[in-house]
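Worksheet: one structure, shown below.
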Amino acid sequence: MFCKSKCHCKSSASCDTDTGVCLGTVCENSYMGPNCQQRKIMPKYNQKNDKKLSVVFDGTIQNTKATHCYHTQHTMDSTVSMWVGKVKIKRLVVYTLQSEIKLFQNFKVYASDRKNISNGTLLYENSHAINPNGIVDINFPLSKYGNRLFIVLPGNNRKLNLCEVLIGGDCNSGWFSENCSRECHCKRLTKCNSTNGDCIGGCIPGWKGSNCYTKCSEKKYGEDCQQSCSSGCLDSVCHHITGYCTNGCQPGYIGHQCDRVCYRHTYGIGCNKNCSETCIDQLCHHETGNCTKGCLPGFKDSHCLAKCSRHTYGYQCARKCSANCLYQTCNHINGRCINGCIPGYQGHYCNSTCSNNKYGFRCLNNCSKFCVDQECNHIHGHCTKYCNPGYQGQRCDTSCEHPFYGSGCMTVCSEHCVDGKCHHVTGFCNKGCEPGYLNPLCITACPRTYFGQDCSKKCNHTCYNQTCQHFNGSCLEGCILGYTGTHCSKVIQSGEQSQLDMFHILTAALVANIIILILCVLCFRYFRSPKTQPPKLLAEQAFAMGTVEHAEESDHLMSDQTNGGLRLTASLQSSSNHGLRLQFGIMEVLDGSNADIQCEDEIIYMNVGENDIIIPDSIPVDELQSYIQNKRNFEGGFGAEYRRLSQNTEATCKAANLQENKAKNRYKNIVAYDHSRVILEKCKDSDSDYINANYIDGFNKPKKYIASQGPTSAIIADFWQMLWQVNCTKLVMLTNLIETGKTKCEKYWPDKEVKISGDLKIRCIREQNFSDFTIRSFFLQKGEEPVRKLDQFHFTSWSDHGVPPTPTGLVNFMMKIRNDSEAETGPLVVHCSAGIGRSGTFIALDFLMDEALHQGTIDIFGCVNRMRKARLNMVQIEDQYEFIYFALVESIFLQQTQVTIENFPSFYQKLNEENEENVSCKTLLQQHFQELQELEYPHTSQEFLETAKLKNNLNKTRVKNILASDLYRPYLKPAPDGQPRYINAVYLPSHENPRNYIATQMPMKETIEDFWQMVCDIQSSTIVMLNSDDSMDETCCKYWKDDGEIEFGHIIVHSSKAEEKTDFMERILFIQNSETGKQLSVKQYQYTSWPATSAVPNNTVSFLHMIEEIKQHIQQTQTNPKAPMVVHCLNGAERSGLFCVVFSSLLLLQKERTVNIPYIIRTMQLPRPQVLTDLDQFKFCYTAVMEYIDRFQAYGNV
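So the number in the working numbering is just where the residue sits in the sequence shown, counting from 1, plus 231.
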C-alpha cells in the first residue's frame, strides 16, 4: 500500500502492486520465489570438468526436453556437487526431466564442507512420488550451512537428470517465510524474523499478531487494529491499513473513509441524487432523501414527491379543499378550485357566494326579476323575499294562474271581470267589467244613481230616491207616485193606484198575525216544562275509561256536545299477589256547570319490584346498541322502564275545563295543561284563547316544539291562527286524515284554491310526494303584512295502531326536516290525532338526535319524562317508547352515511381507508356494512307469509327461504276457474314511489302464466333480466321465444329480434290477452356480463349504461309513470336487490343531490330481507355511484 518494497522481476515482466508477485513468475537472475524477494545463491562448479552442468544454473526453466537438461552416466550413486560457500540455505528447487521422473525418485540432498559426502549432512531424502511436472520444491525448516551441496541418486546403473536447480538463501529485508513470499509488517526501523516473521517492536497499522501477518478484522483498521471502520462504509467494511471503505460508501456519505455526509441538497449512494425541489429549502436527509424540514405546501410523503390528494391542499396537506369546489377538488398547493365551483359559488376558492343577483353553476343565471329586490338564493335561485305581486313559484318565474293575482297570488280576480280573467299583477280585468261595476278591478258597484257598462248610465229619475240596481238599472226602492214597472218607466192610471194601496195593507196585517202566533207557542212550552231536572246515573253511561293508549282510535272518548260533564274517580285495588293496579272508576254524569275534565293519566300497571330496575342518567351513543340488547334480554324489557315514567298529577287544566273550550278537544281525556299551553291572541271572532296544544322544550332550546292535537272542524281557524302567531315555518303532520274508517284529522289546508281562515289567506303553492311522506308548501298572508311561507311535512306511513314496521321511513322523514334549508323562525309544530303518541315519539327522536350530536350521550327516559311534564302522556304506549331506542340507533347510523354529491368523492375515498378509531382495523366500508347488518327491529314482513306457505304455492318458489309477504306482494287477478293466484314477488320502493319495482324470481314452469298476468295487471313497460337464459337450473323457464311468438294460457307473447349492446341486450315484447283483447308493449333488458359465481357484475360502466337506457325508456314511453318495473334474477333477491339499490341510489342522487346507500337498502330489506347481504355488493353500490358521477353526468347537472 505504501510501495515500500522493490520489484525484482525481469525487465520484461511487471509485478502486482499489492503483492509484488511477478506476472509470469520471471525474476531477476539474483532472485527467486513467487515474489522474487528471496536471494538466489549461484553455485560454483568445475566448468572444465563438466561444462554441460551450466544449463542447470542458467535461469532457464525448461524440463520437457532432454536437450535443456544435464544428466549423468549410468553409474553407481550418480552425484552432482556444487560449491555454494558458507551461506544459509533455506530452499532448494530441483527441476527434473518430466519424461523420466520415475528415475529421479529416492534422490537425496547433502551438505558438506568437503568435496565428498562422507562427512556430509543429509538435508533431504525423497520418499514419495515425484510431481508429474517434474518439480521438487524443498524448504529447510532451519537454515543449513555448508560449502557444498550434493544431489545424489543412490543405486546402481542410474542416471541423474537435472534441468534446473535453484538454491534459495536469505529473504530480502522486510520479507519472510520459507520462500520469502510474506512481507514483514513490523514497525519501521525494526526487522522481522526471516523465518517466522516475528516482530519485536510491534506491527505497522493494519496488522496484528506476533508476526504481524494477520490483517485487522474487516470492520477494524489502523495501529493495533483499534480503530473502527466508518459507519458510512458500506457494510462497515474498510481497508485494514488506511480505513478506506473497500466496498464503497453507504448512501449519504462520501470520502475515502465515507466519513463525510453529502453536500447540501444531495443524498444517496455517492451523493449523486438531488433532494426534491419540493422539500422546504430543498433540504433532505443525506441517506434517505427524506425531506428534513417537511414539504412545501401541496406535497406530502417522505420525499415530498406526492401531491396532496385531490381533496386536500397546503402545508402537510392538512387543509381540505373547500366544500364548494366542484368535486371537492382543488389545486394541491394553494387550494384554488381547479374544476370550478358547485352551483351558487364563485372565486378562485369558491368561498364567495354569487353576487349581483346571480345564482347557480358558475353564477351564470340571473335571479328572476320578479323576486322582491331581485334577490334569490345563490345556489338554486329560489327567491329569498318571496315574489313580486303577480308571480309565484320558488324562483318567481311563473305568473299567477287564473283566477289569482297580486302578492303571493293570494287574491282572486273579480267575478265581475268579463270572462273572469284579470292581469296577474294588478288584478285589472283584461276585458273590462261586467255591467254594473267600475274599472279597473271590477269589485266596486256603480254609485247608487248609476248603472250599466262602466256605470255610464244614470238611474231613471222616476225611481224612488233615483236609486237603481247597478247592473240593470231596475229601481231598488220602487217608484215615485204615478210610476210603476221595474225601471219605473210606466205611468200609472188612477184605478191601478187604489188596488196597489190595498195590497200593501193586507200584506202588513198577515205578517203581524204570524209573529203573535209564534210567541204564544213559545210561552205555552215554557210553562209546561219543569224548572230543573236532577241528574241521573244512567247504566249505559257507566263504563271504565280504559287506557289512554287507545285514545286515538276510541270513538267513545270523542268529545260530544252535551250539557253534562264527566268526572273520573280513581281507586287503588289489589289485583293479585304480585302487584297493584290503579284503574279509573265509574264516570258520573254531572251538571254541566260543574263538569271539569280531570288532568289524569292513563291506567298504570306496575309490578312490585320494578322500582328496583336501574335506569341510567345517560347512555353513551356507542353503547346504545348493547344497552338495547341487555334491555331486551331482561325479563321486564322496556316495559318495566316505561312504567316508571312520570305521571304529572300536579298539572292543572282550568282553561280546558271552561265550557266554551270543551268542544275544542278531540278527546275528552286528552287536553292541554295550563302551564305550558299555547295561548292564542284573542280576535274579533272569538274571546277564547284556548287551543289543545303545548310548548315542549328542545335540547338547550326552550319552546322549540309545539305538540298539538290534529285540527277538528271546530278549531281549524284557531290552528291557522296559532301557526301565524308563533311564526311557524315548519309543520309536521303524523296522521292520515282517515284511518281504519275513522276521521283522525280534518283537512285543514287548501289544494289549489285560496282558503280564507279568519284574517288569514292560505294558498298551497307546491306539493311533493315521496314514498313515505308528502311535503306541501303554503303562502300565508294576513291583511297587508308580508307573505310568509310555511312547509308542511306530512308522514303517511304510520298507522294509528302502534308504531311503523321499521324506523327507516320515519328516520328519513326526520332527516329531511332537519336538513331542510329553510330557516326555522318559530317553533316546530307537530301534530297527529291526539297530539301525544306519535307526536311525542317524533319530538323525542328529534330532541335526542340533538343531544347525541352535541353530547355524545342520550337520556331517553329523562327526555320522555320532561315531555310528560309539559303535555299529557307524551309517548303514549310502551311500543312507542321501545321504538325510540331502535329508531335512534338507525338515525345515528344513517346520519353518518348520508352525504351530499359535493362531498361524495372525498367520502368515497375514505371508505376504503382503515378507520383508526376501530380497534379491529376495519375499513370504513366494512364498518358501515357491519353496522347495517346489526340494525334490527322486531316488526318485519316475514310475519305475514301465510299465503306463500300454502301447500299449493310451495312449488312456486325456487329458494325455499325467499318468500313473498302478504303485506308487500302484488295481488293478481283470479284464474279463469276463480282460484286466487300467487306469485313470489314483492314491491320494492324508491325514495319517491313505494312501488317502484317488483322483484321476482326467474319464471318457473308453474309460474310463467302468473308472471305474465302480473306484468299485464300492473301495466309495466319494463322488464329487467339479470340472469342467463341458458341457466343450468332446470326450473328456469324462458318466457318468450326469440324472434317469434309463443302462448302461455291466454297470454300471447311476440318477441322482436334482440338488439345487442355492450354487455346487455334489448328486446321488444308485444303482449296480447286473447280473452280481453288488451295489448301491452314491454321492453326487456337482459344483462349478460354477470358470471354465475360472482356477486357483482363484471363491468360497472356497462351496468350503468343499461340503467341510463332504462331511465330514458321509462321517461319516454311510460303511460303510467307509477307503474313498477319488473326486475328478476334466479331467486328474486340477490341480483334483483343490487340492481334496485343502485337504480334508487341514482334516482336519489339526481333528485335530492344526496347519497345514502344504507338507507336505500334498509327500505328494501323490509319487504325482502335478503336484499344486499354481501360486502362485495355493498362496495359495488358505492363504486357505481362514484363512476356515475365521474362518467355520466356533468357535476352541475346531476
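Yeah, the Cβ is synthetic: ideal placement off N, Cα and C, and Gly gets one too.
{"Asked": "Would you mind giving the Cβ-Cβ distance between E1276 and H1285, rounded to the nearest angstrom? I have them listed as a contact below 8 Å.", "Found": "5 Å"}
{"Asked": "For S630, list the residues DSSP reports as bridge partners.", "Found": "Y622"}
{"Asked": "Taking C-alpha atoms, which residue in F1370, K1272 and E259 lies nearest to F1411?", "Found": "F1370"}
{"Asked": "Flag this pair as yes or no: are the beta carbons of A1289 and D1405 separated by less than 8 Å?", "Found": "no"}
{"Asked": "By DSSP, does C1063 sit in helix, in strand, or in coil?", "Found": "coil"}
{"Asked": "Closer than 8 Å is the cut-off here; do at least three beta carbon pairs connect the stretch 1056–1071 with the stretch 933–945?", "Found": "yes"}
{"Asked": "Going by alpha carbons, who is nearest to G1087 out of P1017, I850, G1280 and Q1111?", "Found": "I850"}
{"Asked": "Please list the terminal residues of the continuous alpha helix (DSSP H) segment that includes M1446.", "Found": "Because the chain in this structure spans residues 232 to 1429, residue 1446 falls outside the shown range and cannot be described."}
{"Asked": "Would you kindly report the start and end of the unbroken beta strand (DSSP E) that includes Q457?", "Found": "It is not in any beta strand (DSSP E) - Q457 carries neither H nor E in the DSSP assignment."}
{"Asked": "Using only the alpha-carbon positions, how far apart do F592 and C556 sit?", "Found": "11 Å"}
{"Asked": "DSSP three-state call for R1189: helix, strand or coil?", "Found": "coil"}
{"Asked": "On the CB-based measure, 16 or more other CB atoms within 10 Å of its CB, does N892 come out buried or exposed?", "Found": "buried"}
{"Asked": "Between the C-alpha atoms of T966 and C627, what's the straight-line distance to the nearest angstrom?", "Found": "32 Å"}
{"Asked": "Exposed or buried, what is Y494 when buried is set at 16 or more other beta-carbons lying within 10 Å of its beta-carbon?", "Found": "exposed"}
{"Asked": "How would you label F1334, buried or exposed, when you count the other beta carbons within 10 angstroms and need 16 or more for buried?", "Found": "buried"}
{"Asked": "Hey, how far is the Cα of P1136 from the Cα of Y558?", "Found": "6 Å"}
{"Asked": "Could you tell me which whole beta strand (DSSP E) segments of length 3 or greater appear in the stretch 1084–1137?", "Found": "none"}
{"Asked": "Please report the straight-line C-alpha distance between C1094 and A882, rounded to a whole angstrom.", "Found": "18 Å"}
{"Asked": "To the nearest angstrom, report how far apart Q1264 and T584 are at their CA atoms.", "Found": "Here the sequence assigns Asp to residue 1264, which means Gln is not the residue at that position. Distance between the alpha carbons of D1264 and T584: 60 Å."}
{"Asked": "What first and last residue would you give for the beta strand (DSSP E) that runs through F930?", "Found": "Here F930 belongs to no beta strand (DSSP E), and DSSP marks it neither H nor E."}
{"Asked": "Going by other Cβ atoms of all chains shown within 10 Å of its Cβ, with 16 needed for buried, is I745 buried or exposed?", "Found": "exposed"}
{"Asked": "Look up C258 in the DSSP assignment and say whether it is helix, strand or coil.", "Found": "strand"}
{"Asked": "So D1241 is in the alpha helix (DSSP H); what residue range does that whole segment cover?", "Found": "I1239 to I1249"}
{"Asked": "Looking at the structure shown, is R863 part of a helix, part of a strand, or coil, going by DSSP?", "Found": "helix"}
{"Asked": "Anyone know if the C-beta pair for T698 and T680 falls short of 8 Å?", "Found": "yes"}
{"Asked": "Over the uninterrupted beta strand (DSSP E) stretch that includes I398, give me the two end residues.", "Found": "E395 to C402"}
{"Asked": "Using a Cβ distance threshold of 8 Å, determine whether the stretch 1312–1324 contacts the stretch 1212–1231, with at least three qualifying pairs required.", "Found": "no"}
{"Asked": "With a threshold of 6 Å on Cβ separation, who are the neighbours of V1416 within its own chain once the five nearest residues in sequence on each side are excluded?", "Found": "S1376 and V1386"}
{"Asked": "Relative to the C-alpha of L633, which candidate in G377, R322, G624 and V643 has its C-alpha closest?", "Found": "What sits at residue 633 in the sequence shown is His, not Leu. Here the closest residue by C-alpha is V643."}
{"Asked": "Relative to the C-alpha of Q1244, which candidate in L1257, C1267, E1278 and L1219 has its C-alpha closest?", "Found": "E1278"}
{"Asked": "When burial is assigned at 16 or more other CB atoms within 10 Å of the CB, is K992 buried or exposed?", "Found": "buried"}
{"Asked": "Considering only residues of the same chain and omitting the five flanking positions on each side of Y1443, which have a CB-CB separation below 8 Å?", "Found": "Only positions 232 to 1429 of the chain appear in this structure, which leaves residue 1443 out of reach."}
{"Asked": "Rounded to the nearest angstrom, what separates C469 and F371 at their Cα positions?", "Found": "37 Å"}
{"Asked": "Quick one: complete beta strand (DSSP E) runs, 3+ long, within the stretch 942–1022?", "Found": "961–964, 985–988, 991–1000 and 1004–1013"}
{"Asked": "Would you tell me roughly how many angstroms separate the C-alpha atoms of L639 and M1046, rounded to the nearest one?", "Found": "Before going on, a small fix: residue 639 reads as Gly here, not Leu. Distance between the alpha carbons of G639 and M1046 is about 29 Å."}
{"Asked": "Taking buried to mean at least 16 other C-beta atoms within 10 Å of its own C-beta, is V722 buried or exposed?", "Found": "exposed"}
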